[in-house]
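Chemist: I have a structure I would like to understand better, so I am pasting it below and will then ask my questions one at a time.
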Amino acid sequence: MLSGHNIICFGSERWEYPGLQQTIMRYLSKENRVLFFNSLGTRRIAFDRTFFRACTRRLTAFFSDNNHAPADSVRVLNPHFIPLTYSTLATRINRSLISRQCRSLVSEMQLSSYILWIGTPVVSPLLNRLSPDLVVYNPVDRYHAFSFVDSVKMKAYERQAAQQADVILCTSTAIRNDLLRFNRNTFNVSHGVDFAHFSAAAQSSCVPDDIRGIRPPIIGYFGGLSERVNYTLIRETARAYPDASVVLIGSQLVSLDEIKTIPNVHCLGRKPFSMLPLYLKHFSVCLIPYQVNELMDAVDPIKLREYFCLGKPVVSSPLPEVAAYDDLVFIGKDTDDFVTKVGLALAEKDDVLTARRIQIAQQSDWPAKMASISDIIQEALQRKRGKKRIIGSMYGFKEANRDQ
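Its first residue numbered 1, the sequence shown is counted upward by one per residue in my numbering.
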């Protein structure tokens, strides 16, 4: 694995969120020193509770204790910024505030060199204010396709981040295709999975209290209950299989009124990551009931591999990244087909398919994924150093010894 480096990461979410950048940084922190900046936010101005709650949280973080250390090699910081992502004036001020904060940390911690890892394109305006050894852009979504962002400005941020990065690590083929025209050093690295964490549930006898009394078979889903989910698929599935139970686990981010009144639908709320495998064990069929649109066409759902850790049959919307496993997943082309495929999945009794799903999950285990990521970063570092040597020889100077 990549080792001996300093890494400054601007995440697309907070450190506590179990997302891609957080997971990668936890692994890299075993052999490197990591400074992780919590998300800068991407919401455009809106006079609603969600926007004001987000602004209040970020402003509170601005004036509160600015950092903590979850491990000896990790520091988590709140960025100094005004939470008005698309304001030209605020962007100028934020560029100065955040770059000054970074330079202060680099000086304080005596970082002679560092890798800058950005998980959100809204960081792109400050890239020319910093001097990293390498810029890694790590997009996990088509950010401009979210309903709550300024899509025009977000596209500009995405393009700027792609053009200024030394290497881009995408989580889907669609995102790679979007960015490849701006940067040829663009790679598709799908999500990893903590195979040991999920597969251990197969040997556990523990049954979570709130699922103990729910009638099997269970048609289950875990993940955010947000605008990404097609609730019509859930509603029609619940109605088509009244003798089964539909269990939904995750934070409620939108109204669920249209499904909560259905007798066999059970919304259990958000659960700790540590508990998810115990719920998964009791699912007979797992769902990926996402919307099909520009945003979701570029999503690589990590829950697919998490479901695979226990060999569970999966029914999914026709997402391109899931279609790669169409021999192992039941893909519903529309609502009626989705509901029909749930019935087929409930009836599946195929040990060969179960074993193949588990094998796919094992191949996506995080240690193997980190080896691939590290190889790409090492190659990018060598490539950039090679360019510096060539430029240095052209102008008659040598690259400074990093150890001096």
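Cβ atoms here follow ideal geometry from the backbone N, Cα and C, with glycine treated the same way.
Nothing here was measured: the structure is a model prediction, and the numbers come from that model.
(1) Tell me the rounded alpha-carbon separation between residue 136 and residue 168.
(2) By the three-class DSSP mapping on this structure, what secondary structure does residue 69 have?
(3) Residue 307: which of 192, 4, 140, 293 sits nearest, CA to CA?
(4) Among 235, 309, 70, 128, which has the Cα closest to the Cα of residue 279?
(5) Where do the ends of the beta strand (DSSP E) carrying residue 37 lie?
(6) For residue 255, count neighbouring C-beta atoms within 10 Å of its own C-beta (all shown protein chains included) and say buried if the count is 16 or more, exposed if not.
(7) Near residue 14, which residues of its chain fall below 7 Å by C-beta distance, leaving aside the five closest residues on each side in sequence?
(8) Taking residue 409 and residue 258 to be in contact with their CB atoms under 8 Å, please state how far apart those CB atoms are, rounded to whole angstroms.
(9) Kindly indicate which residue of 107, 130, 18, 138 has the alpha-carbon position closest to the one of residue 376.
(10) Give me the Cβ distance between residue 276 and residue 248, rounded to the nearest whole Å; I'm assuming they're in contact under 8 Å.
(11) Please state if the CB of residue 353 and the CB of residue 328 are separated by a distance shorter than 8 Å.
(12) Buried or exposed: where does residue 216 fall if 16 or more other Cβ atoms within 10 Å of its Cβ makes it buried?
(13) Can you tell which of 211, 132, 110 has the C-alpha that lies nearest to the C-alpha of residue 384?
(14) Quick one: what's residue 221 bridged to in DSSP?
(15) Leaving aside the five residues before and after residue 173 along the sequence, list all residues of the same chain whose C-beta is less than 6 Å from its C-beta, in chain order.
(16) Per DSSP, what kind of secondary structure is residue 269 in: helix, strand or coil?
(17) Have a look at the DSSP bridge pairing and note the partners of residue 365.
(18) So which of 349, 190, 315, 355 has the shortest CA-CA distance to residue 19?
(19) Closer than 7 Å: is that where the CB of residue 18 sits relative to any heavy atom of the ligand FMN?
(20) Could you check where the beta strand (DSSP E) with residue 6 kicks off and where it finishes?
(21) Is it buried or exposed, residue 305, if we count other Cβ atoms within 10 angstroms and call 16 or more buried?
(22) Assuming residue 29 and residue 73 are in contact, meaning their beta carbons sit under 8 Å apart, how far apart are those beta carbons, in whole angstroms?
(23) Helix, strand or coil: which one does DSSP assign to residue 307?
(24) With DSSP run on the structure shown, which of helix, strand or coil describes residue 102?
(25) Nearest-angstrom Cα distance between residue 400 and residue 112?
(26) Buried or exposed for residue 403, going by 16 or more other Cβ atoms inside 10 Å?
(27) How many whole angstroms separate the CB atoms of residue 270 and residue 251, which I take to be in contact at a CB cut-off of 8 Å?
(28) So, are the CB atoms of residue 287 and residue 315 less than 8 Å apart?
(29) Where does residue 16 land, buried or exposed, given buried means 16+ other C-beta within 10 angstroms?
(30) My assumption, with CB atoms under 8 Å, is that residue 175 sits in contact with residue 129. Please give the rounded CB distance.
(31) At 4 residues or longer, and completely inside the segment 331-381: list those alpha helix (DSSP H) runs for me, N to C.
Modeler: Let me lay it out:
(1) By one-based count along the sequence shown, residue 136 stands at place 136. By one-based count along the sequence shown, residue 168 stands at place 168. Residue 136 and residue 168: Cα-Cα distance of roughly 6 Å.
(2) On the sequence shown, residue 69 is found 69 positions in, with the first residue counted as 1. Reduced to three states, the DSSP call for residue 69 is strand.
(3) As a position in the sequence shown, residue 307 is number 307, starting the count at 1. Distance from the Cα of residue 307 is smallest, within the candidate group 192, 4, 140, 293, for 192.
(4) The residue given as residue 279 occupies position 279 in the sequence shown. The option with the nearest alpha carbon to residue 279 is 309.
(5) The count along the sequence shown starts at 1 and reaches residue 37 at position 37. First-last of the beta strand (DSSP E) with residue 37: 33-37.
(6) Within the sequence shown, residue 255 is the residue found at index 255, counting from 1. Flag for residue 255 reads exposed.
(7) Within the sequence shown, numbered from 1, the residue matching residue 14 stands at position 14. Taken in chain order, the residues that qualify are 38, 39.
(8) Nothing about residue 409 can be read from this structure; the chain reaches only from 1 to 404.
(9) Position 376 of the sequence shown, counted from the start, is the residue given in the question as residue 376. With distances taken between Cα atoms, residue 376 lies closest to 138.
(10) One-based indexing of the sequence shown puts residue 276 at position 276. One-based indexing of the sequence shown puts residue 248 at position 248. Not a contact, Cβ separation roughly 13 Å.
(11) Here residue 328 refers to the residue found at position 328 when the sequence shown is read from its first residue. Here residue 353 refers to the residue found at position 353 when the sequence shown is read from its first residue. Taking 8 Å as the Cβ cut-off, residue 328 and residue 353 qualify as a contacting pair.
(12) Taking the first residue of the sequence shown as position 1, residue 216 is located at position 216. Residue 216 should be labelled exposed.
(13) Against the sequence shown, residue 384 aligns to sequence position 384. Checking every option, the nearest Cα to that of residue 384 belongs to 132.
(14) Within the sequence shown, numbered from 1, the residue matching residue 221 stands at position 221. Bridge partners of residue 221: 248.
(15) Walking along the sequence shown from the start, residue 173 turns up at place 173. Counting only Cβ-Cβ distances below 6 Å, and skipping sequence neighbours, we find 188.
(16) Indexing the sequence shown from 1 puts residue 269 at position 269. In the structure shown, residue 269 sits in a strand (DSSP, three-state: E or B).
(17) Mapped onto the sequence shown, residue 365 falls at position 365. According to DSSP, residue 365 bridges with 193.
(18) Here residue 19 corresponds to residue number 19 of the sequence shown, with the count starting at 1. The option with the nearest alpha carbon to residue 19 is 190.
(19) The ligand FMN is absent from the structure shown, which contains no ligand whatsoever.
(20) Within the sequence shown, the letter at position 6 stands for residue 6. Note, residue 6: beta strand (DSSP E), 6-10.
(21) Sequence index remark: in the sequence shown, residue 305 carries index 305 (1-based). Burial call: buried.
(22) Stepping through the sequence shown from its first residue, residue 29 is reached at position 29. Stepping through the sequence shown from its first residue, residue 73 is reached at position 73. Indeed, because the Cβ distance is near 5 Å, the residues count as touching under 8 Å.
(23) Here residue 307 refers to the residue found at position 307 of the sequence shown. Note: residue 307 maps to helix in three-state DSSP.
(24) Walking along the sequence shown from the start, residue 102 turns up at place 102. Looking at residue 102 - three-state DSSP - the assignment turns out to be helix.
(25) Mapped onto the sequence shown, residue 400 falls at position 400. Mapped onto the sequence shown, residue 112 falls at position 112. Residue placement at residue 400 is flagged as unreliable, the pLDDT there being 39, under the threshold of 50; the coordinate-derived value follows with that caveat. Distance between the alpha carbons of residue 400 and residue 112 is about 11 Å.
(26) For this step, residue 403 is matched to residue 403 along the sequence shown. Its pLDDT being 36, under 50, residue 403 is placed unreliably in this model, and the value from its coordinates should be taken loosely. Classification for residue 403: exposed.
(27) Position 270 of the sequence shown, counting from 1, holds the residue named residue 270. Position 251 of the sequence shown, counting from 1, holds the residue named residue 251. The pair is a contact, with the Cβ atoms about 4 Å apart (cut-off 8 Å).
(28) The residue labelled residue 287 in the question sits at position 287 within the sequence shown. The residue labelled residue 315 in the question sits at position 315 within the sequence shown. Yes, they are a contact pair.
(29) Walking along the sequence shown from the start, residue 16 turns up at place 16. Around the beta-carbon of residue 16, fewer than 16 other beta-carbon atoms lie within 10 Å, marking it exposed.
(30) Residue mapping note: residue 175 aligns to position 175 of the sequence shown, counting from 1. Residue mapping note: residue 129 aligns to position 129 of the sequence shown, counting from 1. Residue 175 to residue 129, Cβ: 26 Å. No contact.
(31) 335-347, 351-363
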